[in-house]
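Residue numbers (the working numbering), protein chains in the order written: chain A, 142 to 390; chain B, 5 to 308; chain C, 17 to 355; chain D, 165 to 595. Think of the CB as a built atom: it goes at the ideal place given N, C-alpha and C, for glycine as much as any other residue. Keep in mind the model is a prediction, meaning the values are calculated, not measured.
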């Protein structure tokens, strides 16, 4: 299993707050990694740094041994690192299908075409296929603005997934999803992820969720790594429990 | 050397005029995110009402004959500006602009464009088409000899008024409770209304304040020029230029922008008369290219 | 700055299109000449508005489209003044389009970096620069006197004097239909949807790996070309051009008409343009002394009471309940592209 | 699949049908017959809004008044005149669209008007195309008839050359020793041409004159501090300006406050309107004319028609007529004269439009301005200049001009068919 993504001594601070402090991490092909940690421990910042939205003050980011530290989000995405968002970033005036069609057109690099229509049959079916995987069997013609929060979160991931990345970063895929939907949503996402064999890194609050789906867990604290191990080992670690769950020791 | 002094002087005069007409525009934008084309009309109304009142009260023209002391004419101009600003301003805001306030920046702008068309004819209906020449306040001050050419005193009064108005605006925003409310509304509209601030009322006040500035510009420029139909249209595009140069929403920026444009145009008139108009928009473009948000424009951040 | 636009259909059903086209062609000879002329002008300007709308769909408001309107017109005018041998409408229009597109290719480089009000202001600045040049370069442009643009033939044909206007009408109509079709293909294409994506969420577009700036730039080129086309057509129709083609009020008018018509369809700009020209003409006729007041009031009413523009009224008439039936309608169109 | 393929066929079918349909369209209507009409429909076009509104409405008022008078006296050739008015303000395409509406929809018999050069240059070819008599009442650009020849377009006032050449002649007489000159003119055709012709003419009279400044303020800004400083720094003997209307008044006020008129002789080719607007406050020692102005010279009493015109106008609109009013009068009285001449030529028969136009060639007619002679569509009139004096005349409500000079039409107008500038350079002289 080769290393696909690597961060080398990456640091970034906002004023006094250290969001990333000398982070050196390696992510192997096909791994599913969960990131846990309290708010402000630098989880989202880590995703932003890797995808080029935030530039690190020190350190380098390597994708397949290529330095991508200074690349813009678009360039990073085109190399094969896609991300989803804590607050879903969707085209709310358009339908679910149209959102997906746009994602596919970009993925196929035909988004500059200005003569052939977006809705070619082949494309529509391909889009519907991806949507089906994520459980949008019907209502593909629904306007995104009318989707429930859970649906948006899934679609947000689905769009990133449709780009066929080799690394997929999911920023709190279940935040804002009602407790009873949580596992449903997560199941859907993880099934697809596992099937596709994409390297997935997901930021998550919920221990149970992480324990259930990750085969490796990173625990963030003030921009540093408190623990990095298999889920059961990590959650056995009292320091982690104290830190993350706030349990007394 | 003398030449330069004169250029500076002329620039200052034109700048004061520009500042008076653009400060209100940029202030309203800063608070309400609305680019008010009808601003030009408020300027026009101020000019017409001011000139008309002066002509009414001192029918003798420059001789200043009339029941009142000619010195009062300046007060009359001020009152005219306040009258226009505090009646027409809130009227426009409450009756029209408020209805589209939540529809982005373009629709309100276009709405004010419609109001601008309407008000242009309204002025014509009220005051007819004859030019109003109320130059009593202008000629009364006489002139001084500066750097070899003699120069009327009134333009300096104009500069004074501009400085005073700008200063007052600054005080109102930075030193009064209303100002604090305005600032918080600018910072975050939702939060402020959540905190129980009556945002609509703030908007009305802010708009009225901007309107007064516009009318003030009109009323005090009126004695220098002959007030004719269609004076509104020139002003607004100049004000656009000044405000974008200074940075939309920044009153201080408007002051700098006005000075830049004023001096540049004066210089053009003296050294390259061909380009007195061209330089203004060339500068506007240049500034926008190097500093997209103008010299003092804020930056917008979006979190994801 | 979010404009509010309904999903709209890009085009109504094909049947209606053909009927409409038939009427536009067939009725012309039987309506009074000034009406034909008015329609000709309305279509020519409608094309500029169409250009504005293409950008509006990406949430970009070009308050300076007078730049291309004037560029197209003056390209034709100056060519004739410089002694261009052929006085053919088609040649002049081609020239106008080429020049304005080239201009857009340069100006677009800068503008594509801007959004919101700043995009608008910078476009104003550019158009006002052209305005002051047209005004000041008296020896070249004839200052406010302007230039006369008289054509002697259309595609080599030389219609008799009494049919000249009709010929021009059909010429403009043909080009309009063509341009609208191109614009329609664009709006239905990936690039067109990318603009709507930008309207909704630029960040996501970048995170999909598409360049927002390039998308805007390419759309801007077509938008500028349409501006030049409209300008050149107006020039040869009116027969005389003056610098105020580039003045900010003219540009403002285009945005105005765009919102009047609505952004939901590629036909909306033409509708808006025709209605606008009619209103203005009757304003001149009905209240010669206060036509601005009348014109302003009408537009005020539309803005306040028909938020989606005139086209949205059609939409409301066309479907019982708006919103959810929309997709099927658009789907029907989509299906008609099956191959 | 099939539907897509059908499209071209269906489309071509529709277009084909439509074109066949249009083939049986009626031809263009032929121009009207020569039987006596119920009324003569006239449209008058001038500025009702914008900076020139005062002058436009002045002209339109005069038109209203004169047509009413004509109707009271039984109309033209026994036919009453009905008139309507249209705003000239707006972009060129608006103006042209309006013109077409007037001719094709309102079916007027003649259009009188057009002040702006751009507009008259744009309308003239359309008038030709629509074969409709169009009388230009003010538009003073020489390009109108030197760059095109029109059958249906007639101008009843002299073009700008009269004013510019007259101005040159006047300053040459008033300041025989003038060495330096400066100009401040509107930055558009009217200003450019005025200055051009003035300086060319002045060079003919004073070959060694130097130009100190040429200023081109953007029209209607109304704030002239910088320009005036520039002029004062230059201190020329003579300053030429063709600024007009509201912004000219602004210029006068600001220049007066700075004593510019004391330092140089300022000559204003359209200055006369300032007498009315500034009245008592008009500065002394300013040379001015009202484009061949008539109001003061010869004194109204000497021209009965003018006296009546002023009396009627001021009683109806309680103000003294401005020069556009006179120009409108020239057009209307010219139209009347042409009709009557044509009717006479047909001994009583009603003339066709073409016959009216024919009658107009080499037509002389009396107007409040004096005798106007129209030759081949264009007209000539005298130039009159004077200098503002202190003697305020309560009867008129403004100070009269003195040191009046009258330059006869043939001295200050190029002979038929010669290009203006060439004529000035080659053969303009005061002898």
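{"Query": "Contacts around residue 275 of chain A, its chain only, beta-carbon distance under 8 Å, and the 5 residues preceding and following it disregarded", "Result": "295, 296, 298, 299, 302, 329, 330 and 333"}
{"Query": "Residue 354 of chain C classed as buried or exposed, judged by whether at least 16 other C-beta atoms fall within 10 angstroms", "Result": "Here the model assigns residue 354 of chain C a pLDDT of 24, short of 50, so the residue's position is not dependable, and the following value carries that caveat. Classification for residue 354 of chain C: exposed."}
{"Query": "Which of helix, strand or coil DSSP assigns to residue 278 of chain D", "Result": "coil"}
{"Query": "Burial state of residue 222 of chain A, where buried means 16 or more other Cβ atoms lie within 10 Å", "Result": "buried"}
{"Query": "Cβ distance (whole Å) where residue 1 of chain B is taken to contact residue 138 of chain C below 8 Å", "Result": "No answer is possible for residue 1 of chain B: it lies beyond the span of chain B, which begins at 5 and ends at 308."}
{"Query": "Where residue 33 of chain C falls: helix, strand or coil (DSSP)", "Result": "helix"}
{"Query": "Listed by chain order, chain F residues near residue 394 of chain D by CB distance under 7 Å", "Result": "Judged by its chain identifiers, the structure shown contains no chain F, and its protein chains are A, B, C and D."}
{"Query": "Beta-carbon gap between residue 120 of chain C and residue 241 of chain C smaller than 8 Å", "Result": "yes"}
{"Query": "Members of the segment 175-204 of chain C that neighbour chain A once the beta carbon cut-off is set at 7 Å", "Result": "201, 202 and 204"}
{"Query": "Cβ-based burial, residue 89 of chain A [other Cβ within 10 Å; buried from 16]", "Result": "Outside the modelled stretch of chain A, which goes from 142 to 390, sits residue 89 of chain A, for which no answer is possible."}
{"Query": "Exposed unless 16 or more other CB atoms sit within 10 angstroms - verdict on residue 357 of chain A", "Result": "buried"}
{"Query": "Under the three-state DSSP convention, the category residue 90 of chain B falls into", "Result": "helix"}
{"Query": "Rounded Cβ spacing between residue 260 of chain C and residue 254 of chain C (contact assumed at less than 8 Å)", "Result": "That belief does not hold up - the Cβ atoms of residue 260 of chain C and residue 254 of chain C are roughly 12 Å apart, past 8 Å."}
{"Query": "Cutoff 8 Å: residue 267 of chain A Cβ touching any chain C Cβ", "Result": "no"}
{"Query": "One or two residues paired with residue 563 of chain D in a DSSP bridge", "Result": "D:556"}
{"Query": "Residue 197 of chain B: contacting residues in chain D (beta-carbon distance under 7 Å)", "Result": "Those do not exist, as residue 197 of chain B stays about 42 Å from chain D at its closest Cβ, beyond 7 Å."}
{"Query": "Under 8 Å between C-beta atoms of residue 279 of chain D and residue 211 of chain D", "Result": "yes"}
{"Query": "Min CB distance residue 84 of chain C to chain D below 8 Å", "Result": "no"}
{"Query": "Sufficient close CB pairs (3 or more, under 8 Å) joining the segment 299-317 of chain C to the segment 83-94 of chain C", "Result": "no"}
{"Query": "Contact list for residue 391 of chain D against chain B, beta-carbon separation under 7 Å", "Result": "273"}
{"Query": "Environment of residue 473 of chain D [buried if 16+ CB atoms lie within 10 Å]", "Result": "buried"}
{"Query": "Counterpart residues of residue 549 of chain D in DSSP-defined beta bridges", "Result": "D:569"}
{"Query": "contact_flag[the segment 29-42 of chain B, the segment 252-272 of chain B] where n(CB pairs < 8 Å) is 3 or more", "Result": "yes"}
{"Query": "Neighbour flag for residue 313 of chain D against chain B, beta carbons, 8 Å", "Result": "no"}
{"Query": "Where residue 281 of chain B meets chain D, residues with beta-carbon distance less than 8 Å", "Result": "351 and 382"}
{"Query": "Beta-carbon gap between residue 279 of chain C and residue 74 of chain C smaller than 8 Å", "Result": "no"}
{"Query": "CB contact flag (residue 346 of chain D, residue 453 of chain D, <8 Å)", "Result": "no"}
{"Query": "Members of the segment 240-251 of chain B that neighbour chain D once the beta carbon cut-off is set at 9 Å", "Result": "242"}
{"Query": "Residue-level contact to chain D via CB, residue 32 of chain C, 8 Å cutoff", "Result": "no"}
{"Query": "Residue from B:290, B:35 and B:235 whose Cα sits closest to the Cα of residue 50 of chain B", "Result": "B:235"}
{"Query": "Range covered by the beta strand (DSSP E) that runs through residue 169 of chain A", "Result": "158-169"}
{"Query": "C-alpha gap between residue 147 of chain C and residue 83 of chain C, whole angstroms", "Result": "8 Å"}
{"Query": "Outcome for residue 507 of chain D when other beta-carbon atoms lying within 10 angstroms are tallied against a minimum of 16", "Result": "buried"}
{"Query": "Residue 149 of chain C at chain A interface by Cβ criterion, 8 Å", "Result": "no"}
{"Query": "Alpha-carbon spacing of residue 196 of chain D relative to residue 204 of chain D, whole angstroms", "Result": "The pLDDT assigned to residue 196 of chain D is 46, lower than 50, so where the model puts this residue is not dependable, and the model offers no usable value."}
{"Query": "Chain C contacts from the segment 198-229 of chain A (Cβ-Cβ distance under 7 Å)", "Result": "214, 215, 218, 219 and 224"}
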